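Trainee: Going by numbering that gives the first Met the number 0, 107 is the number at position 108 of the sequence shown; the sequence numbering is gapless. Glycine included, C-beta positions come from ideal geometry on N, C-alpha and C. Please read all numbers here as calculations on a predicted model, not as lab measurements.
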Amino acid sequence: MTTTSEPRPSTAQRLLLGDWGPVVRDPLDLLRGVLLVGAVVVLVRQGLGPGSLTLALAAGAGLAVRPLLLPRAYDLLLLLALALQGFGEASGAYDSLVWFDRVVHFVVPLLGSGVLYVALARLDVLPDPRSDTGPRHHLGIALVTFALGAAFGAVWELYEWFSDGVFGSALQESNDDTVGDLAMDCLGALGAAGLLVLWTVRGWGSVRRVPGSMREAHD
Numbered sequence: 000m001t002t003t004s005e006p007r008p009s010t011a012q013r014l015l016l017g018d019w020g021p022v023v024r025d026p027l028d029l030l031r032g033v034l035l036v037g038a039v040v041v042l043v044r045q046g047l048g049p050g051s052l053t054l055a056l057a058a059g060a061g062l063a064v065r066p067l068l069l070p071r072a073y074d075l076l077l078l079l080a081l082a083l084q085g086f087g088e089a090s091g092a093y094d095s096l097v098w099f100d101r102v103v104h105f106v107v108p109l110l111g112s113g114v115l116y117v118a119l120a121r122l123d124v125l126p127d128p129r130s131d132t133g134p135r136h137h138l139g140i141a142l143v144t145f146a147l148g149a150a151f152g153a154v155w156e157l158y159e160w161f162s163d164g165v166f167g168s169a170l171q172e173s174n175d176d177t178v179g180d181l182a183m184d185c186l187g188a189l190g191a192a193g194l195l196v197l198w199t200v201r202g203w204g205s206v207r208r209v210p211g212s213m214r215e216a217h218d
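As structure tokens, then:
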């Protein structure tokens with residue numbers, strides 16, 4: 000009787016994809032650490048304000064999604080979007096780059112709305128994308144993902160209103176600015192809906208494989 004075992008990942012694969020250990024498992028955890036350390040540094044240097052608070056929220060979101068065991072591509076893109084938003088606010092990019100605000104309002108829902116869907120699916124609130132039942136299921140995934148992204152954009156506008164009132168920031172410049180931000184949020188959410196449906200149809204899986212491998216598990 001012969002048995003087969005899964006090939007052990009090479010050293011290069013393990014360095015790139017993990018798993019290193021229970022605390023720091025791969026380079027993505029290092030990126031989470033950068034967000035966390037950045038939030039602390041900005042808090043010490045700038046005090047409590049929109050920069051430190053936004054970066055702290057980004058770091059918290061990055062840590063919150065870790066237990067979801069997202070596919071590495073989704074995890075990486077979300078962390079990059081969080082870093083763009085957090086460090087962008089802390090560095091003053093929103094003020095110095097006129098296009099930066101619109102880009103962030105598009106990119107964050109684009110890369111984060113699908114993660115919100117997967118998170119709710121993990122909690123059995125929504126059907127899991129892995130339970131592929133056909134076109135109607137795909138339409139449902141798209142509609143809910145879009146709604147989650149649009150809702151997140153609306154909540155973020157409330158945060159900007161709060162920041163302006165409490166910290167004296169100027170995140171909401173005008174009604175046109177707010178509506179423009181919401182429009183970009185909706186466009187990003189629409190893109191996220193398409194990406195998650197494509198991910199589901201192609202069967203790329205929604206769970207991070209352990210140990211590291213070049214292909215995510217579809218289970």
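#1: Is it true that the CB of Leu67 sits closer than 8 Å to the CB of Ala141?
#2: So the alpha helix (DSSP H) Ala169 belongs to, where does it begin and stop?
#3: Around the C-beta of Asp123, are 16 or more other C-beta atoms found within 10 angstroms, so that it is buried, or is it exposed?
#4: Check Val107 in the structure and name its three-state DSSP category.
#5: Can you have a look at Leu81 and say buried or exposed, based on whether 16 or more other CB atoms are within 10 angstroms of its CB?
#6: For Tyr73, count the other beta carbons within 10 Å of its own beta carbon; 16 or more makes it buried, fewer makes it exposed. Which is it?
#7: Does the beta-carbon of Ala175 have 16 or more other beta-carbons within 10 angstroms, so that it is buried, or is it exposed?
#8: Quick check on Arg71: buried or exposed, where buried means 16 or more other Cβ atoms within 10 Å of its Cβ?
#9: In three-state DSSP terms, what is Pro70?
#10: With distances taken from CA atoms, which of Gly202, Arg201, Leu194, Ala89 is nearest Val106?
Mentor: Let me spell this out:
#1: At a Cβ-Cβ threshold of 8 Å, Ala141 and Leu67 do not count as neighbours.
#2: For Ala169, there is no enclosing alpha helix (DSSP H), since its DSSP letter is neither H nor E.
#3: Within a 10 Å sphere around the beta-carbon of Asp123 sit fewer than 16 other beta-carbons, which makes this residue exposed.
#4: Val107 carries a helical assignment under DSSP once its states are collapsed to helix, strand and coil.
#5: Classification of Leu81: buried, given that the 10 Å Cβ count is 16 or more.
#6: With 16 or more other Cβ atoms inside 10 Å of its own Cβ, Tyr73 counts as buried.
#7: Rather than Ala, the amino acid found at residue 175 in this sequence is Asp. Exposed: under 16 other Cβ atoms inside 10 Å.
#8: Buried, since its Cβ has 16 or more Cβ neighbours within 10 Å.
#9: Coil, per DSSP.
#10: Here the closest residue by C-alpha is Leu194.
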